[in-house]
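**Q** Quick note, the sequences are listed as chains A and B, same order. Last residue of the first sequence? That's 113 in the numbering used here, and every number before it is there in order. Last residue of the second sequence? That's 1111 in the numbering used here, and every number before it is there in order. Quick reminder that beta carbons are idealized off the backbone N, C-alpha and C, glycines included. Sharing a structure, written as structure tokens. Questions coming.
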Amino acid sequence: EAGVAQSPRYKIIEKRQSVAFWCNPISGHATLYWYQQILGQGPKLLIQFQNNGVVDDSQLPKDRFSAERLKGVDSTLKIQPAKLEDSAVYLCASSYTRDREAFFGQGTRLTVV
Amino acid sequence: EDQVTQSPEALRLQEGESSSLNCSYTVSGLRGLFWYRQDPGKGPEFLFTLYSAGEEKEKERLKATLTKKESFLHITAPKPEDSATYLCAVLAGGGADGLTFGKGTHLIIQP
């Protein structure tokens, strides 16, 4: 079974620039998550989708972050404009249902300079 | 607010030296407790799910247990390849969906 795919693996941008991350979840998984992991910390939930609808985006900085999940499959997370404190690893995960274990992708390491 | 605290932050063991990692939690209704392993530069890898107090799960040298306030990950006769950061996460009944993670325990097994 193919895992969660993410791209790019690494990205370096200057502050105030924009960036987008892409995620393809495991086939058949209805729930998709985006997490932010700062070095030395556990992942923090940014947004959760159930099919193509948003379930929870309470911790998403909506003035600069946006996310969408078209047709209930692939998802993109965008940051515009980026700040230095956005430097982190952005992890995408998916699960069969909201109560089941989530499987994570390799993540995208973002460095904002 | 849901909280997950893991201890110790870091642990160094000799190969074959058994030990336990702790995860204490405060949640409004536990729907599930999850253990993950994370290697440097990779995403978390799922290990176990525990749903109710008294439940135990085993996989190779790892055994996870759950009480009403905490979970333990027991590592028996570890090998160097068990070196990783072990993350604990909870899924709560009230409020937001999604996992709330602890900061993890960085485990090093020396040959």
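1) Using the Cα positions of residue 1017 of chain B and residue 1010 of chain B, report the straight-line distance between them to the nearest angstrom.
2) Name the DSSP beta bridge partners of residue 1100 of chain B, please?
3) What residue does the beta strand (DSSP E) around residue 1110 of chain B start on, and which one ends it?
4) What residue from B:1007, B:1046, B:1088 has the CA that sits closest to residue 1019 of chain B's CA?
5) Go ahead and label residue 1077 of chain B buried or exposed: buried means 16 or more other beta carbons lie within 10 angstroms of its beta carbon, across all protein chains shown.
6) Tell me, to the nearest whole angstrom, how far the beta carbon of residue 1032 of chain B is from that of residue 48 of chain A; I am working on the premise that it is less than 8 Å.
7) Mark residue 94 of chain A as exposed unless 16 or more other C-beta atoms lie within 10 angstroms of its C-beta, in which case mark it buried.
8) Please report the straight-line C-alpha distance between residue 1081 of chain B and residue 1039 of chain B, rounded to a whole angstrom.
9) Under 9 Å between the Cβ atoms of residue 67 of chain A and residue 46 of chain A?
10) Do you know how far the Cα of residue 1012 of chain B is from the Cα of residue 3 of chain A?
11) Within 9 Å (strictly less), CB to CB, does residue 1027 of chain B reach chain A?
12) Within its chain, find whatever has a CB closer than 7 Å to the CB of residue 1015 of chain B; leave out the 5 residues flanking it on each side and keep chain order.
13) Secondary structure at residue 1021 of chain B, three-state DSSP: helix, strand or coil?
14) If you check the beta carbons only, do residue 1067 of chain B and residue 1053 of chain B fall under 9 Å apart?
15) State the DSSP-derived secondary structure class of residue 28 of chain A, mapped to helix, strand or coil.
16) Note down the Cα distance separating residue 25 of chain A from residue 18 of chain A, rounded to an integer number of angstroms.
17) If we define contact as Cβ-Cβ less than 9 Å, is residue 1042 of chain B a contact residue for chain A?
**A** By the coordinates alone:
1) Roughly 15 Å between the two C-alpha positions.
2) B:1090.
3) In the DSSP assignment, residue 1110 of chain B falls within the beta strand (DSSP E) that extends over 1105-1110.
4) Nearest C-alpha to residue 1019 of chain B: B:1007.
5) Exposed, since its Cβ has fewer than 16 Cβ neighbours within 10 Å.
6) Not confirmed; about 15 Å, so no contact.
7) Residue 94 of chain A counts as buried, since no fewer than 16 other beta carbons sit within 10 angstroms of its beta carbon.
8) Their backbone Cα atoms lie some 10 Å apart in a straight line.
9) Yes. Within cutoff.
10) Just so you know, the alpha carbons of residue 3 of chain A and residue 1012 of chain B end up roughly 31 Å apart.
11) With a threshold of 9 Å between beta carbons, residue 1027 of chain B makes no contact with chain A.
12) Closer than 7 Å at Cβ, skipping near neighbours: 1078, 1079, 1080, 1109, 1110, 1111.
13) Under the three-state reduction of DSSP output, residue 1021 of chain B falls in the strand class.
14) Contact annotation: residue 1067 of chain B and residue 1053 of chain B have beta-carbon atoms nearer than 9 Å.
15) It is coil, neither helix nor strand.
16) The alpha-carbon atoms of residue 25 of chain A and residue 18 of chain A are separated by roughly 23 Å.
17) The beta-carbon of residue 1042 of chain B is placed less than 9 Å from the nearest beta-carbon of chain A.
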